[in-house]
Each structure stands twice: as C-alpha cells, then as structure tokens.
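Number of protein chains: 2
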Amino acid sequence: MAESAKPSGAAKRTRRKTGAITLHQVAQLAGVSPISASRAINTPDQVSPKLLEKVTLAVKKTGYVPNLLAGGLASSRSKLIAAVVPSTVISVFNETIESLNTTLFNSGYQLMLGQSAYSASREQLILDAIIGRRPDGIFLTGLMKSEKIRSQLLATGIPVLETWDLTANPIDMLIGFSHTKIGTAVANFLIQKERRNFAIVRAEDERADRRTRAFIQAVKKQKLPTPFVLNVGASRSIRSGRDAMAEILRSHPKVDAVFCSSDLLALGVLTEAKFQKLDVPRKINVVGFGDIPFVADMIPALTTVRINGMKIGELGARYLIERAEGRTVAEPTVDVGFSIIERETT
Amino acid sequence: MAESAKPSGAAKRTRRKTGAITLHQVAQLAGVSPISASRAINTPDQVSPKLLEKVTLAVKKTGYVPNLLAGGLASSRSKLIAAVVPSTVISVFNETIESLNTTLFNSGYQLMLGQSAYSASREQLILDAIIGRRPDGIFLTGLMKSEKIRSQLLATGIPVLETWDLTANPIDMLIGFSHTKIGTAVANFLIQKERRNFAIVRAEDERADRRTRAFIQAVKKQKLPTPFVLNVGASRSIRSGRDAMAEILRSHPKVDAVFCSSDLLALGVLTEAKFQKLDVPRKINVVGFGDIPFVADMIPALTTVRINGMKIGELGARYLIERAEGRTVAEPTVDVGFSIIERETT
DNA sequence: TTGAAAGCGCTAACAA
DNA sequence: TTGTTAGCGCTTTCAA
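Chains as they are written, first to last, in our numbering: chain A, 431 to 776; chain B, 431 to 776.
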C-alpha cells in the first residue's frame with residue numbers, strides 16, 4: 431500500500447493541486463514539523479543550527495519556492511507594493527519607478543504596476559484591483575484628488591504615499607515639491623536674464639497649470655507683459671512642441687523666452703527654432719522641465735528644471751517599507767525641492 | 431450575549447483579522463451562502479437575477495473588495511502576470527510594457543514588474559520572487575539563456591513568453607524578430623546608398639552583437655572594407671554616442687556611414703557630427719535602432735530600424751491570457767519583423 | 001527551541 | 001440554481 435492516505439470510507443473529495451512542492455513536503459523530507467521548516471526559512475536565527483541545516487538541505491533538494499499567496503493570506507502581509515503611474519511612454523517618472531522597484535526588491539518586496547487613467551470609473555477599477563491584492567503599501571505618482579477614493583484608501587489602512595507634489599492634506603505620506611515655487615523660480619530666473627516677452631508651452635496637466643499660473647504671477651509682479659500661454663493638450667511630444675513654437679513665432683514674434691512643461695516639448699521648441707534659424711539663446715531662451723537623461727548632451731544643451739526622481743523612488747520605497755513593517759516614519763511629508771540646471775539654451 | 435461564538439470550554443485561540451470586509455459578511459448581509467455570493471460576483475450569469483441583486487446590493491453597501499490572495503490560493507489562478515525587463519530608464523521596451531499592461535488590465539489581470547539583472551545569482555533571486563507569487567504567466571524581454579532557469583521555469587508549468595528575439599528552442603512561446611536579418615538589411619540598405627566605409631557603434635548586448643556580425647558579413651560579401659566596430663559597453667547614452675563618434679572621426683576619418691545599436695547612441699553620433707560641422711547625410715549617413723517616439727521629429731530626422739513594440743506587448747498579453755485560461759495558442763512562435771524607416775540621416 | 005491546532009478568505013467538488 | 005464541505009499552503013497562537 432504505497433498509496434495515499436485512507437482510500438476507505440466515504441470517497442474523500444479531492445482538489446486538484448498545483449503539483450508544486452509545498453512546505454509540507456519539505457518538512458517531511460527534513461523530518462521536522464511544517465512550522466519549524468517555515469521558521470528555518472523565514473527567521474533562520476530563531477532555530478537551532480541542526481534544524482536549519484536539515485531544512486536548508488531539503489529546500490535545496492526539492493527546489494522549493496514558497497507560495498507567497500498562501501503566506502500573504504496567512505500573515506496578512508503580502509510583501510507587495512503597488513504603484514500607480516500615468517501612462518506615458520517616455521516620462522519623467524521612469525527613473526522614479528526604476529529606483530522604487532530596485533529598492534523594494536532589495537528588501538524582499540515586489541512591485542505591482544497600475545496605469546492611472548483619465549476617467550474616474552476606470553480609476554476606481556484600477557484601485558479595486560490594487561486593493562484586492564492587499565498590498566503592503568501604495569505608491570501614487572501625484573496626489574489623489576477623488577475624495578471618494580481618498581477615503582476608501584484611508585479605510586483600508588494600507589500605507590499610502592503620494593508623490594511629485596505638495597499639499598496640506600495628504601492621505602497619508604507625501605514626498606514631493608512645490609510646482610508653484612518652480613513657476614516663480616523659472617520666471618525670476620528668466621527675468622534676471624533680461625527677458626521680457628514670455629511664452630509658455632504646456633500640456634494639459636494640473637501640475638503644469640500651477641507652474642504656469644505662478645510663472646504668470648511673477649511676471650506680472652514685475653509689470654512685464656502677460657505671457658502668451660499655449661496649451662498643447664494631452665500630447666507632449668516633440669512634434670507638438672514644434673507646432674507650438676511655430677504658432678508662437680507667428681502670433682507673438684517678439685517672444686524672447688519660452689518655458690515648457692516638459693523637456694520633450696522644449697526639444698520640439700528648440701527644433702522649430704533651429705528650423706527657423708533663430709539664435710538660441712541670444713534671440714530666444716528655452717527652459718524645459720524634468721531633465722530627462724539626454725537633454726544635457728544635445729546641442730544646444732537644454733536648460734531645465736531638475737527633480738531628483740531617483741530620490742523620490744528610493745525614499746518612497748523606504749517609507750513604504752517602514753510602514754509596512756509596522757514602524758512609523760518620523761517625517762511623513764518631505765519636500766525634495768528642485769533645481770534649475772542652467773545650460774546652453776538660456 | 432451579543433458576543434462572538436462560544437466563549438465556552440477551552441478558550442478558543444483567535445487570530446487578529448485584518449478588519450477588511452469578507453465575502454462571508456457580504457453573504458450574511460445578503461442572506462445567502464458565501465459560495466452563492468462568490469458566484470454572483472465572479473460568474474453573474476450563473477445565478478438567478480434575484481440572488482444577483484441581493485448580492486450586488488450587499489457589495490455596494492459594504493464596499494467589499496475581494497481578497498485576490500485568498501481567491502488565488504483557492505483557485506490556483508492568481509490573475510497576475512509577471513514581466514522581466516532590463517533596467518534602462520528610457521528604452522525601447524517602454525512601449526511594449528505599456529501596451530502589455532493595458533491589455534492585461536482590460537482582461538482583469540495585473541502586471542508585476544521584475545527588473546532583470548546582470549548577475550546570475552540575482553537573476554535567480556528575481557525568478558524565485560516571481561515564481562513565489564504563482565503568476566499565471568511570465569513575460570520575458572529577451573530570451574532566457576540560463577539553462578538552469580529555463581528548466582526551472584518549464585517545471586513550474588507556468589506559461590512563459592520570450593520576446594524581442596528569435597530562436598529555434600524557445601522555452602514555451604516566442605514573439606520576436608531576427609537580429610541577424612536586421613544587421614544584413616541595414617548593411618545592404620547602406621551599400622545601396624553608395625556607402626563604402628562603415629562604422630558600428632554598439633552597446634554591450636548580445637542582440638546588438640548579432641546585428642553587428644550580420645552587418646559585417648554582408649559588407650564583406652560585397653568585398654568592401656571591414657567595418658570599424660566600437661563597443662561602448664553598458665552605457666547607451668547620448669554622451670557615449672558622442673564620444674564614440676569623436677573617436678571614429680579621429681581614427682577612421684574616411685567613414686561615411688554609422689550604424690548604431692540604439693537610437694540614443696545615434697542621437698549622440700549626430701550631435702558630434704553636428705558639432706564637427708559634418709554634413710549629414712551627404713558626408714555621413716547614420717542609422718539607429720528602436721525608433722523611440724521622438725527621433726522622427728528631430729532635425730535631422732533619424733533613419734532607424736523600427737520594431738512594433740506595441741504589437742509585441744499586446745499580442746504577448748493575449749497569448750499569455752489564452753494560456754492562463756487553459757486554451758492553446760495556434761502559433762506559439764511569431765516573427766513580427768522590422769522595418770527600416772528612412773528619414774533624413776541617410 | 002520545537003510542535004499541535006486553528007484558521008487567513010476564498011473556491012472546487014460534490015450533492016440536493 | 002443553491003448550498004455543504006473541505007481544503008488551497010501557509011503562519012499565528014498557544015503550549016510544551
């Protein structure tokens with residue numbers, strides 16, 4: 431009878447298992463109880479060296495890989511962190527996500543990616559998908575504006591980190607910087623460069639809007655002409671930057687400085703300026719936003735606003751992990767600031 | 431005694447629950463059994479309208495969000511797909527990941543992101559983290575070379591999709607294209623443009639290596655001088671492209687065409703050419719690889735090799751889902767091909 | 001330091 | 001169409 435357990439009595443109903451090695455089997459092979467095997471694997475310094483050795487050997491022999499779904503269910507700690515990112519192929523968030531992912535992984539956490547949406551119903555769908563996985567933390571690029579989702583998030587008790595912005599009322603933790611300050615700083619920077627006639631090329635984006643408004647205000651404060659604002663909508667490609675610049679040169683030929691809401695847009699502006707053989711920076715100054723990795727090496731090298739995206743990702747991961755492991759973070763709101771990197775376009 | 435169940439006899443040990451609404455509570459509120467509630471939520475057309483209505487109401491009232499960890503454990507279907515991507519901030523894979531993610535989400539799956547590593551031990555770690563989550567499918571950017579991991583992957587029974595390359599021995603499914611054919615095609619394309627003295631700027635990457643070798647072979651076939659190959663190592667930035675071009679112009683001034691292993695490298699080559707006031711394309715032709723979104727709109731617009739990354743992501747998602755749901759895919763290996771997009775640099 | 005029992009929240013299998 | 005029962009594979013609680 432090398433059969434399985436008791437084929438006797440009422441035919442036991444049986445589930446089709448996955449066939450993967452379980453902790454049970456490892457424990458059996460090692461001649462210990464499952465819980466001991468669990469401890470040997472998860473908290474090796476809580477078991478005797480002898481037990482540790484037996485279990486380690488059994489794990490190696492079987493090629494056991496713990497089922498984190500089961501572990502997560504039992505411990506209500508999923509070791510998963512979810513991130514919600516806007517869907518743009520090349521963006522200023524890439525660096526952040528990458529450093530977030532790396533830091534999390536090094537601490538034994540995995541990253542689940544959700545793409546943020548424009549419609550509210552879809553946003554709710556994404557959030558439910560995330561909450562359904564019971565992640566140990568949620569990383570948001572941007573602030574969560576929907577009051578309904580904010581309270582839902584709060585109710586779950588899952589640590590939430592909002593980023594890339596500042597607000598007086600974060601859901602939970604916040605690592606960001608002030609878009610208003612950026613707008614003001616860039617305006618003053620250009621005014622100091624003796625620029626007088628401004629244009630702003632911006633995408634449809636609430637944060638860009640705040641930078642724009644602050645810029646305008648700073649310009650008005652100096653009694654200079656009100657900047658010409660061009661909203662390119664959702665598309666933030668080089669193409670739309672070029673088109674915007676063509677439009678600016680047509681309707682406002684006196685413009686001598688352009689502030690763009692993204693580096694890609696700025697690259698487009700530069701491209702059109704070059705196409706029309708305008709002297710940058712003498713005739714026109716251009717400032718971008720983001721400092722994506724290669725704008726420093728182009729000719730002319732782009733003056734832009736730099737955000738330390740890597741820091742946001744790394745610090746964010748650390749914050750989320752701290753909270754996931756039951757600790758508190760001393761400073762739940764952090765302003766990482768920004769810097770204007772002056773290069774050849776100003 | 432509005433207490434919980436029987437405080438009698440031996441003090442029942444109790445676990446601290448998470449506090450989240452469970453299916454149980456929803457069922458209770460709706461006055462049905464948990465399994466009926468489950469069916470109403472997951473397979474609504476298998477229950478009566480009356481039951482469906484009761485459960486829907488209860489879900490709405492409680493704000494119930496199903497625990498996918500528990501569901502995954504019980505059904506051994508996690509609704510998770512894992513992707514392994516190389517860690518490069520701006521890359522040709524962005525588009526693929528984005529369309530993969532979107533397509534998966536629309537079918538109720540989530541994407542887990544793993545960053546592929548250079549060391550073998552780390553690669554094993556990443557894979558164990560992935561397998562531990564019991565995903566319903568694994569998306570690999572590239573081929574898996576480690577024989578050990580290949581067989582481990584195969585043993586799990588999880589559907590695996592390799593991409594961005596072609597091979598006679600895929601682990602499971604494969605959606606890619608031939609790097610050898612690309613090298614040959616680009617060489618012939620440039621030869622046809624009356625180019626004679628070639629240089630190749632390439633990153634340290636096995637696929638780039640195959641493109642390079644095919645390129646060289648095609649050139650040799652025409653009895654033209656052997657191309658000068660410059661390996662820039664791991665860094666594929668604009669900066670290294672510029673440096674490489676400077677080196678080429680110094681050591682091989684007769685070069686009249688450069689093939690780069692990435693668009694960013696090509697942009698660097700162009701930048702240096704412009705810096706040295708060389709006429710592109712008259713004096714020198716430049717071809718990139720990847721067709722990242724903005725190289726079309728630069729001046730000069732880059733001639734490059736285009737891969738349909740969106741298609742790889744979308745088709746890949748569909749394949750993985752098919753297999754996750756127990757169906758088979760008719761054509762487990764797909765060559766999506768490539769095209770040389772001729773623009774102003776040739 | 002180790003183990004037995006119980007149960008995390010859900011669904012598969014079976015029965016009515 | 002609905003319900004009962006028994007787990008999925010792990011960790012917590014309690015006890016030795």
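Beta carbons are placed, not taken as given, at the ideal position from N, Cα and C, and that holds for glycine.
By the criterion of Cβ-Cβ separation under 8 Å, what are the contact partners of SER537 of chain A in chain B?
As a working mapping, residue 537 of chain A is identified with position 107 in the first sequence. Chain B residues near SER537 of chain A: none, gap ~11 Å exceeds 8 Å.
I'd like the ranges of any alpha helix (DSSP H) spanning at least 4 consecutive residues and lying wholly in the region 458 to 510 of chain B.
Listed in chain order, they are 464 to 472, 479 to 492 and 498 to 505.
Secondary structure at GLU373 of chain A, three-state DSSP: helix, strand or coil?
This structure leaves residue 373 of chain A out entirely; chain A is present only between 431 and 776.
What residues in its chain sit with their C-beta under 7 Å from that of SER468 of chain B, if we drop five residues either side in the sequence?
Residue mapping note: residue 468 of chain B aligns to position 38 of the second sequence, counting from 1. Once the five neighbours on either side are set aside, the close Cβ partners of SER468 of chain B are LEU453.
Where DSSP assigns a beta bridge to ALA629 of chain B, which residues make up the other side?
Taking the second sequence and counting its residues from 1, one reaches residue 629 of chain B at position 199. ALA629 of chain B pairs with B:PHE658 and B:VAL688.
So what's GLY743 of chain B in DSSP terms, helix, strand or just coil?
As a working mapping, residue 743 of chain B is identified with position 313 in the second sequence. Helix, per DSSP.
In this structure, how does DSSP classify GLN706 of chain B when only helix, strand and coil are distinguished?
Along the second sequence, read from residue 1 onward, the residue named residue 706 of chain B stands at position 276. Three-state DSSP puts GLN706 of chain B in coil, outside helix and strand.
DSSP state of MET542 of chain A, grouped into three classes?
Start at 1 with the first residue of the first sequence, and residue 542 of chain A comes out as number 112. Here MET542 of chain A sits in strand by DSSP.
Got a sec? Which residues, its chain only, sit under 6 Å from GLU702 of chain B by beta carbon, not counting five neighbours each side?
Translated into positions along the second sequence, residue 702 of chain B becomes position 272. So the qualifying residues of the chain are ARG672, MET675 and ALA676.
Starting from THR586 of chain B, trace the alpha helix (DSSP H) both ways and give me its first and last residue.
If you number the second sequence from 1, residue 586 of chain B lands on position 156. First-last of the alpha helix (DSSP H) with THR586 of chain B: 577 to 586.
Using a Cβ cut-off of 7 Å, pull out every chain B residue sitting near THR448 of chain A, in sequence order please.
Mapped onto the first sequence, residue 448 of chain A falls at position 18. What THR448 of chain A touches in chain B: SER506.
Among A:SER551, A:ILE561, A:ASP709 and A:TYR548, which one has its Cα closest to the Cα of PRO730 of chain A?
Reading the first sequence from its first residue, position 300 is the one you call residue 730 of chain A. Ranking A:SER551, A:ILE561, A:ASP709 and A:TYR548 by Cα distance to PRO730 of chain A puts A:ASP709 first.
What residues from chain B crowd round PHE422 of chain A, counting only those whose CB sits closer than 8 Å?
Absent from the model: residue 422 of chain A. The displayed extent of chain A is 431 to 776, so no value can be given.
Please return the same chain residues whose Cβ sits closer than 8 Å to the Cβ of PRO516 of chain A, not counting the five positions on each side in sequence.
Locating residue 516 of chain A in the first sequence gives position 86, counting from the first residue. Excluding residues within five positions, the ones whose Cβ falls inside 8 Å are PHE523, GLN545, SER546, THR571 and GLY572.
Taking C-beta pairs closer than 7 Å, name the residues in chain A that GLN455 of chain B reaches, listed in chain order.
As a working note, residue 455 of chain B is residue 25 in the second sequence. The contacting residues do not exist; GLN455 of chain B stays about 15 Å from chain A at best.
Report the rounded CA-to-CA distance for VAL685 of chain B versus SER692 of chain B, giving the unit in angstroms.
Locating residue 685 of chain B in the second sequence gives position 255, counting from the first residue. Locating residue 692 of chain B in the second sequence gives position 262, counting from the first residue. Between VAL685 of chain B and SER692 of chain B, the C-alpha separation is close to 19 Å.
How far does the beta strand (DSSP E) with GLY606 of chain A in it reach, from first residue to last?
The residue given as residue 606 of chain A occupies position 176 in the first sequence. Residues 603 to 606.
List, in chain order, every chain A residue whose beta-carbon is nearer than 9 Å to that of PRO474 of chain B.
Stepping through the second sequence from its first residue, residue 474 of chain B is reached at position 44. Within chain A, no residue comes near PRO474 of chain B; the closest Cβ sits about 16 Å away, beyond 9 Å.
Alpha carbon to alpha carbon, what distance is there between ALA747 of chain B and LYS442 of chain B?
In the second sequence, residue 442 of chain B corresponds to position 12, counting from 1. In the second sequence, residue 747 of chain B corresponds to position 317, counting from 1. Unreliable positioning characterises LYS442 of chain B in this predicted model, as indicated by a pLDDT of 49, which lies under 50. A coordinate reading is not provided.
Going straight from the alpha carbon of ILE471 of chain B to that of GLU761 of chain B, what length do you get?
Translated into positions along the second sequence, residue 471 of chain B becomes position 41. Translated into positions along the second sequence, residue 761 of chain B becomes position 331. Roughly 34 Å between the two C-alpha positions.
Rounded C-beta distance between THR776 of chain B and VAL735 of chain B? I'm assuming under 8 Å.
By 1-based counting over the second sequence, the position of residue 776 of chain B is 346. By 1-based counting over the second sequence, the position of residue 735 of chain B is 305. Not quite, the Cβ-Cβ distance comes to about 12 Å (not below 8 Å), so this is no contact.
Contact criterion: CB-CB distance below 7 Å. Does ASN715 of chain B meet it with respect to chain A?
Your numbering for residue 715 of chain B matches position 285 in the second sequence. False, the Cβ-Cβ gap to chain A never drops below 7 Å.
Give a yes or no on whether the minimum CB-CB distance between ARG669 of chain B and chain A is below 7 Å.
In the second sequence, counting from the first residue as 1, residue 669 of chain B sits at position 239. By this cut-off, ARG669 of chain B is an interface position.
For a contact defined as C-beta to C-beta under 7 Å, what are the partners of ASP558 of chain A on chain B?
Residue numbering aside, residue 558 of chain A sits at position 128 when the first sequence is read from its first letter. By Cβ distance, chain B contributes VAL495.
In chain order, what residues of the same chain lie with their CB nearer than 7 Å to the CB of ILE451 of chain B, ignoring the 5 residues before and after it?
Counted from its first residue, the second sequence places residue 451 of chain B at position 21. Answer for ILE451 of chain B: THR492, GLY493 and TYR494, listed in chain order.
Looking at the C-beta of VAL591 of chain B, does it have a partner C-beta in chain A at a distance below 7 Å?
As a working mapping, residue 591 of chain B is identified with position 161 in the second sequence. Checking the displayed sequence, the identity of residue 591 of chain B turns out to be Leu instead of Val. For LEU591 of chain B, the answer is no, since every Cβ of chain A falls outside 7 Å of its Cβ.
For the 8 Å Cβ check, are there 3 or more pairs between the region 499 to 516 of chain B and the region 498 to 507 of chain A?
The answer is yes - the region 498 to 507 of chain A touches the region 499 to 516 of chain B, with three or more Cβ pairs under 8 Å.
Grab me the residues of ILE770 of chain A's own chain with a C-beta within less than 8 Å of its C-beta, minus the 5 sequence neighbours each way, in chain order.
Here the question's residue 770 of chain A lines up with position 340 in the first sequence. Closer than 8 Å at the Cβ level, and outside the excluded window around ILE770 of chain A, lie ALA615, VAL616, PHE619, VAL717, THR733, THR734, VAL735 and ARG736.
Of the choices A:LEU583, A:ILE605 and A:ALA585, whose alpha-carbon is the least far from that of GLU592 of chain A?
For the purposes of this step, residue 592 of chain A is taken as the residue at position 162 of the first sequence. Ranking A:LEU583, A:ILE605 and A:ALA585 by Cα distance to GLU592 of chain A puts A:ILE605 first.
Spatial neighbours of SER670 of chain B within its chain, please: CB distance less than 6 Å, with the 5 preceding and 5 following residues excluded, ordered by chain position.
For the purposes of this step, residue 670 of chain B is taken as the residue at position 240 of the second sequence. Cβ neighbours of SER670 of chain B beyond the five flanking positions: VAL662.
Give the interface partners of LEU499 of chain B over in chain A, defined as CB-CB distance under 7 Å, in chain order.
Within the second sequence, the letter at position 69 stands for residue 499 of chain B. Within 7 Å Cβ-Cβ: LEU499, GLY502, LEU503, SER508, ARG563 and ARG564.
Report yes if the CB atom of LEU510 of chain B is closer than 7 Å to the CB atom of GLN540 of chain B, and no otherwise.
By 1-based counting over the second sequence, the position of residue 510 of chain B is 80. By 1-based counting over the second sequence, the position of residue 540 of chain B is 110. Yes, the pair counts as a contact, with Cβ atoms nearer than the cut-off.
Whole angstroms are fine: how far does the CA of MET603 of chain B sit from the CA of LEU797 of chain A?
One cannot answer for residue 797 of chain A here, as it falls past the ends of chain A, which runs 431 to 776.
Using three-state DSSP, classify ALA726 of chain A as helix, strand or coil.
Translated into positions along the first sequence, residue 726 of chain A becomes position 296. Of the three classes helix, strand and coil, the one that applies to ALA726 of chain A here is helix, per DSSP.
Does MET675 of chain B come within less than 7 Å of chain A when only Cβ atoms are used?
Locating residue 675 of chain B in the second sequence gives position 245, counting from the first residue. Output row for MET675 of chain B: interface = no.
Within 7 Å (strictly less), CB to CB, does LYS442 of chain B reach chain A?
Position 12 of the second sequence, counting from 1, holds the residue named residue 442 of chain B. Confidence is the limiting factor: at LYS442 of chain B the pLDDT is only 49, short of 50, which leaves the residue's position unreliable, though a coordinate-based value still follows. Output row for LYS442 of chain B: interface = no.
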